[in-house]
Amino acid sequence: MTSYPDPPPPTPGLPLPPPEDDLPCAAFVEMVTDYLDGAIPDDLRGRLEYHLAFCDGCRSVLAQIERVVQLAGQLTESDVDALPEAERQELMAAFRAARSGR
Amino acid sequence: MVLVPALRDGDDAAFAWLLTRYDRSLRRLAMNYVPSGAIADEVVQDTWMGVINGIDHFEGRSSLKTWVFRILMNVARARGAREHRSVPFAAAGGALEEGAEPALDPDRFRAVGNEHAGHWVSYPAAWEHEPEDRIEAGETVGVVREAMRHLPPAQQEVMTLRDVEGWTPSEICDALNISETNQRVLLHRARSKVRNALEQYFEGGEA
Chain A
5 MTSYPDPPPP TPGLPLPPPE DDLPCAAFVE MVTDYLDGAI PDDLRGRLEY HLAFCDGCRS
65 VLAQIERVVQ LAGQLTESDV DALPEAERQE LMAAFRAARS GR
Chain B
479 MVLVPALRDG DDAAFAWLLT RYDRSLRRLA MNYVPSGAIA DEVVQDTWMG VINGIDHFEG
539 RSSLKTWVFR ILMNVARARG AREHRSVPFA AAGGALEEGA EPALDPDRFR AVGNEHAGHW
599 VSYPAAWEHE PEDRIEAGET VGVVREAMRH LPPAQQEVMT LRDVEGWTPS EICDALNISE
659 TNQRVLLHRA RSKVRNALEQ YFEGGEA
């Protein structure tokens, strides 16, 4: 029989989950991308929505992952240079040469 | 698809459109695989030459975009090997090479055997404040960029395609030859690490 350490004292200010909420927060944080992609199986989805309705912490993590996605989407605007005009001309010339010389 | 016959016919406008549409994406992706911007530029150039010379062999079993990206991967792989940088592509069986990685530090949750095991010890702080000015907004994006640079290559590859380039999951699975499940596991690990970096940044610690 495994013995566990004594439970920590309840965290002040954190509401306890209702007894019907059987989804651990540690499990939810692994499923956020599945959730956003609509890839949660139907039987789990209801439990997950129920959990989210009660858990401020998991709702925060969901919002944070959505923020990460939105910020990553902004990287397209700034992180690489456009094709220099000279190189574009070289590639266009290579295209013409290859296609006409078939 | 109209584009492919146009390219085969030597239609300038079709090739120009392709350059405009994909060159930056290819450049950004190439940066994931080779050690310098100069080499990435060469990889992209070689990719375009591969497109020019290979369009007659394109069989249309994948989208043109996926086909172009596969050429980039092949060129980058050959080049990365030459530059002595290992290139563990998601497609090369390295997809889940990192083993189990929790999205958040397990200490954030009440331990097994406790009442309400797996629930938060304390809630993560909400990131409600919006950037007050453009400098702060730019800084936040910079934290994301830096965190993405430090991701394991397969995770970086998937997150770049999905969240930066906006590819669909099925396009990514097709291009990298990985399952939808693996795609989501890699993506979630990547996003979670970037989340952790942002959390440290917002809470004033070292990101």
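From first to last, the protein sequence lines are chains A and B. Every letter in the first sequence is one number past the one before it in this note's numbering, and letter 71, counting from 1, is 75. Every letter in the second sequence is one number past the one before it in this note's numbering, and letter 201, counting from 1, is 679. Quick reminder that beta carbons are idealized off the backbone N, C-alpha and C, glycines included. Here the structure is a predicted model, which means the values were calculated and not measured.
Check, Outcome
"According to the neighbour-count rule (16 or more other Cβ atoms, all chains shown, within 10 Å of its Cβ), is Asp583/B buried or exposed?", "exposed"
"Output the distance between the C-alpha atoms of His628/B and Arg506/B, rounded to the nearest integer angstrom.", "15 Å"
"Can you grab the Cα-Cα spacing for the pair Val73/A / Ala43/A, in whole Å?", "17 Å"
"Scan the region 599 to 658 of chain B and note each continuous alpha helix (DSSP H) run of 4 residues or more that stays entirely inside, going in chain order.", "612 to 627, 631 to 637, 647 to 654"
"Mapping the DSSP letters down to three states, classify Phe536/B as helix, strand or coil.", "coil"
"May I have the straight-line CA-CA distance separating Asp55/A from Met35/A, to the nearest angstrom?", "First, the amino acid is wrong: residue 55/A is His here, not Asp. Distance between the alpha carbons of His55/A and Met35/A: 13 Å."
"Using the Cα positions of Arg92/A and Ala86/A, report the straight-line distance between them to the nearest angstrom.", "10 Å"
"Compute the beta-carbon to beta-carbon distance between Met637/B and Leu665/B, rounded to the nearest angstrom, for a pair I have assumed lies under 8 Å.", "6 Å"
"Of all Cβ atoms in chain A, is any one closer than 8 Å to the Cβ of Phe547/B?", "no"
"For chain B, is any of its Cβ atoms less than 8 Å away from the one on Leu75/A?", "yes"
"Rounded to whole angstroms, what's the CA-CA distance from Arg502/B to Ala67/A? Just pull it up for me.", "29 Å"
"Could you give the C-beta distance for Arg588/B and His594/B, rounded to a whole number, given that I count them as a contact under 8 Å?", "6 Å"
"Smallest Cα separation from Gly596/B: which of Gly61/A, Glu70/A, Met96/A?", "Gly61/A"
"Given the structure, does Ala589/B come close to the ligand SAH, in the sense that its CB is under 7 Å from one of the ligand's heavy atoms?", "You won't find the ligand SAH in this model; it holds no ligand whatsoever."
"Is there at least one Cβ from chain A nearer than 8 Å to Arg555/B's Cβ?", "no"
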